[in-house]
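Residue numbers (our numbering), protein chains in the order written: chain A, 4 to 344; chain B, 4 to 344. No residue lacks a Cβ here, since even glycine has one placed at the ideal position from N, Cα and C.
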């Protein structure tokens with residue numbers, strides 16, 4: 004007698020087996036729209052027109068865009084679709100936070116093979132929605148098209164709330180270097196996945212407990228978005244999102260600011276836990292922390308008289324000179340990502 | 004003795020033969036940046052940081068995003084890289100104009116095979132830059148990554164200048180329907196290219212003269228961006244960018260507004276020229292005008308007492324009812340694009 008319930012089950016089954024091509028472009032768009040919560044800000048004009056309209060009370064808007072390609076930025080056999088959605092949103096929203104801005108909106112382009120299960124795509128959208136909600140942003144627009152492999156193109160917007168943007172170019176000799184979050188966790192998780200140890204790590208409740216956490220961090224980075232505006236209000240002189248590796252990204256700050264940056268690896272959060280997991284694999288942990296990307300921790304510099312706010316960890320210093328040094332050794336860019344090499 | 008000149012020639016030769024992979028991600032980014040003019044608005048913080056900062060004087064920002072996939076949205080053997088860049092920019096900037104806003108900024112994601120000549124990519128950027136300059140917008144950010152085929156992900160931003168956005172949902176019975184630009188030209192150009200007649204059309208100065216123009220329109224649509232804000236100021240009740248075909252896109256307006264829209268094909272701009280080229284191919288022209296997309300003409304509705312501004316052509320009427328009718332025949336959506344069918 005429960006017709007409504009019966010239909011729900013049927014709809015779930017259909018969703019599980021039909022492909023993107025069977026659903027069609029307009030069916031897919033309708034299904035995606037159905038997953039998007041109504042924006043909390045009633046002034047937002049979201050999906051369904053030629054373009055979205057998003058409040059930008061500051062009179063400026065912060066904007067950034069990133070591409071994620073299957074096989075390069077994610078693997079469908081290593082990450083579930085919701086995790087891929089979370090990661091795609093997080094890396095863009097973190098770029099907004101790294102300017103000192105609060106994320107407001109996300110636009111999502113999806114290139115998809117027609118043979119892909121529609122349910123997979125909808126789970127990606129669920130991940131995008133979940134991370135947007137964590138960041139206080141709304142998905143306001145997008146595009147879908149067919150392609151031979153999965154590609155996500157994400158644009159994030161944000162509002163500076165009247166503050167000056169915190170660029171990479173403002174670090175001064177004498178500043179302290181701090182990070183919000185931790186670095187190396189995603190790289191450790193990726194190494195565990197590559198070694199086929201992820202499942203063992205998840206099952207083993209002993210030494211491998213951080214391993215399971217690191218695999219989760221690789222699959223689903225969880226940046227602390229409010230840390231960006233918080234650092235800006237605390238007077239951060241420079242800030243960057245750590246996406247390509249700590250040393251490489253600090254290299255951008257050092258170059259743009261015309262300073263030398265020294266990292267003290269002994270101050271890095273999670274150092275002991277990284278070392279424990281590295282021992283499982285018979286490798287050293289510093290490469291994960293110094294060269295591993297995709298944690299989307301924020302790094303910022305602060306005047307010595309304006310210490311970092313709560314939640315930030317001091318990990319180094321800024322001085323006259325050039326380049327990035329770790330424990331008094333100059334590090335080159337090896338280990339950073341060059342997407343064509 | 005002309006060392007500088009010699010180096011320029013050498014640089015041109017190197018650029019012509021080296022691949023994206025040989026140039027590397029950072030080399031490519033540097034080469035792209037070198038092609039970007041400094042934004043005319045000194046308050047713009049453009050490429051080179053985690054995110055861009057763009058003035059949004061209106062206190063709101065208009066945003067839209069589109070993907071362009073090689074083989075589906077463009078063919079490298081039919082369109083040169085500069086044309087592809089122009090087209091990618093135009094289709095997004097036109098979406099901004101269709102809200103009644105002035106384009107301000109473009110973000111550009113490029114997924115590229117490593118084997119692609121770097122010169123090809125830089126010519127795409129030159130096309131993007133040229134169209135942005137025509138629209139008064141600046142390229143403020145982007146992303147490059149490797150992939151198996153070329154894909155462009157474009158996001159355009161715009162400013163409403165204090166006006167309400169013109170959505171698809173405001174058309175009222177009694178309104179007149181008008182377009183800025185013409186429809187069917189791009190589809191005619193595509194048909195000529197598909198039939199292998201493009202070169203003959205270009206060479207023949209007689210009847211084929213419009214054919215050459217239509218091929219050019221397919222390769223490089225040139226929307227009239229100021230027509231969008233102009234229509235908004237003239238009191239347009241609804242507006243849309245014609246990208247998927249006139250009937251299909253007007254169908255969105257009819258559905259969102261809850262009205263019937265009638266198109267009089269005898270009023271369509273370029274009707275006679277389209278008919279002439281269609282005769283060359285032995286086909287009918289109305290399908291090009293009614294179902295062909297990618298001209299990026301704007302269609303808008305106006306109250307009977309507020310006629311369309313200069314440059315707009317009245318092509319129909321709005322009444323009570325539903326659906327889109329052409330010359331008193333109801334048209335279905337055949338011919339429109341569904342990207343997965």
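Give the single residue among A:182, A:23, A:59 whose Cα lies nearest to the Cα of residue 140 of chain A. Closest option to residue 140 of chain A, Cα to Cα, is A:59.
Check whether the Cβ atoms of residue 2 of chain A and residue 272 of chain A lie closer than 7 Å to each other. With chain A running from 4 to 344 in the structure shown, residue 2 of chain A is simply not present.
Element boundaries [beta strand (DSSP E), containing residue 111 of chain B]: Taken as a continuous stretch (DSSP letters only), the beta strand (DSSP E) holding residue 111 of chain B covers 105–115.
In three-state DSSP terms, what is residue 58 of chain A? DSSP, read as helix, strand or coil, puts residue 58 of chain A in strand.
Taking the C-alpha atoms as reference points, what is the distance between residue 158 of chain A and residue 94 of chain B? Roughly 17 Å separates the two Cα atoms.
Go ahead and label residue 232 of chain A buried or exposed: buried means 16 or more other beta carbons lie within 10 angstroms of its beta carbon, across all protein chains shown. Flag for residue 232 of chain A reads buried.
Beta-carbon of residue 245 of chain B versus every beta-carbon of chain A: anything under 7 Å? It does not: the Cβ of residue 245 of chain B has no partner Cβ on chain A nearer than 7 Å.
Indicate the three-state DSSP secondary structure (helix, strand or coil) for residue 334 of chain A in the structure shown. If DSSP states are grouped into helix, strand and coil, residue 334 of chain A belongs with coil.
Looking at the strands, I want to know which residues DSSP matches up with residue 324 of chain B. According to the DSSP secondary-structure assignment, residue 324 of chain B is paired through a beta bridge with no residue.
Residues of its chain near residue 329 of chain B, where Cβ-Cβ distance is below 6 Å and the 5 sequence neighbours each way are ignored: Sequence-distant partners of residue 329 of chain B (beyond 5 residues in either direction) whose C-beta falls short of 6 Å from its own C-beta, in its chain, are 266, 268, 293.
N-terminal and C-terminal residue of the beta strand (DSSP E) that residue 305 of chain B is part of: Looking at the DSSP string, the run of the beta strand (DSSP E) that includes residue 305 of chain B is 300–305.
Own chain partners of residue 48 of chain B with C-beta closer than 7 Å, once the 5 adjacent residues on each side are dropped: If we look at residue 48 of chain B and ignore the five residues flanking it on each side, its Cβ neighbours are 55, 56.
With distances taken Cα to Cα, identify the nearest neighbour of residue 192 of chain B among B:252, B:279, B:221, B:143. For residue 192 of chain B, the closest of B:252, B:279, B:221, B:143 by C-alpha to C-alpha distance is B:221.
Please return the same chain residues whose Cβ sits closer than 8 Å to the Cβ of residue 40 of chain B, not counting the five positions on each side in sequence. Sequence-distant Cβ neighbours of residue 40 of chain B in its own chain, meaning closer than 8 Å and more than five residues away, are 132, 136, 141.
According to DSSP, is residue 150 of chain A helix, strand or coil? Residue state, collapsed to three classes: coil.
Using only alpha-carbon positions, find the residue among B:282, B:227, B:278 that is nearest to residue 96 of chain B. Per the Cα distances, B:227.
Is the shortest distance between the beta-carbon of residue 150 of chain A and the beta-carbons of chain B less than 7 Å? For residue 150 of chain A, a Cβ of chain B is located within less than 7 Å of the residue's own Cβ.
So what does DSSP say about residue 311 of chain A, is it helix, strand or coil? Residue 311 of chain A: coil per DSSP, three-state reduction.
If contacts are defined as beta-carbon pairs under 8 Å, then residue 171 of chain B and residue 252 of chain A qualify, I think. What distance do you get, rounded to the angstrom? Residue 171 of chain B to residue 252 of chain A, Cβ: 42 Å. No contact.
What in chain B is Cβ-close to residue 98 of chain A, meaning under 7 Å? In chain order, 53, 54 make up the part of chain B whose C-beta sits under 7 Å from the C-beta of residue 98 of chain A.
Cβ shell of residue 44 of chain B (< 7 Å), same chain only, five flanking positions each side left out: For residue 44 of chain B, where only same-chain residues beyond five positions count, the Cβ hits under 7 Å are 58.
Residue 179 of chain A and residue 305 of chain A look like a contact to me (Cβ under 8 Å); what is the Cβ gap, rounded to whole Å? With 8 Å as the limit, residue 179 of chain A and residue 305 of chain A qualify as a contact, their Cβ atoms being about 5 Å apart.
Using a Cβ cut-off of 9 Å, pull out every chain B residue sitting near residue 108 of chain A, in sequence order please. Against chain B, a Cβ distance below 9 Å from residue 108 of chain A picks out 64, 66.
Following the continuous alpha helix (DSSP H) through residue 87 of chain A, name the residue where it begins and the one where it ends. Following the DSSP letters along the chain, one finds residue 87 of chain A inside the alpha helix (DSSP H) bounded by residues 84–100.
Between the region 249–263 of chain B and the region 65–75 of chain A, can you find at least three pairs of beta-carbon atoms closer than 8 Å? No: fewer than three Cβ pairs fall under 8 Å.
What residues in the region 67–80 of chain B bring their beta carbon closer than 7 Å to a beta carbon of chain A? Answer in chain order: 67, 68, 69, 70, 72, 75.
Is the beta carbon of residue 65 of chain B closer than 7 Å to that of residue 345 of chain B? There is simply no residue 345 of chain B to check, as chain B begins at 4 and stops at 344 in what is shown.
What is the rounded straight-line gap between the Cα of residue 284 of chain A and the Cα of residue 195 of chain A? Going by the C-alpha atoms only, they are around 8 Å apart.
List, in order along the chain, the chain B residues whose C-beta lies closer than 7 Å to that of residue 168 of chain A? Chain B residues near residue 168 of chain A: 48, 56.
Determine which residues of the region 119–153 of chain B have a Cβ less than 9 Å from any Cβ of chain A, and write them out in chain order. Residues 143, 144, 145, 146, 147, 148, 149, 150, 151, 152.
Can you find the residues in the same chain that come closer than 7 Å, C-beta to C-beta, to residue 27 of chain B, ignoring five residues on each side of it along the sequence? Here the set comprises nothing.
What residue does the alpha helix (DSSP H) around residue 32 of chain B start on, and which one ends it? That run of the alpha helix (DSSP H) goes 23–38.
Shorter than 7 Å from the beta carbon of residue 220 of chain A to some beta carbon of chain B? The beta carbon of residue 220 of chain A does not come within 7 Å of any beta carbon belonging to chain B, so the residue lies off that interface.
Residues of chain B with CB under 7 Å from residue 60 of chain A, in chain order? Here the neighbours are 62.
Length of the line joining the Cα atoms of residue 81 of chain A and residue 320 of chain B: Taking the CA atoms as reference points, residue 81 of chain A sits about 55 Å from residue 320 of chain B.
CA-to-CA distance, residue 239 of chain A to residue 24 of chain B, given in whole angstroms: Their Cα atoms are separated by approximately 37 Å.
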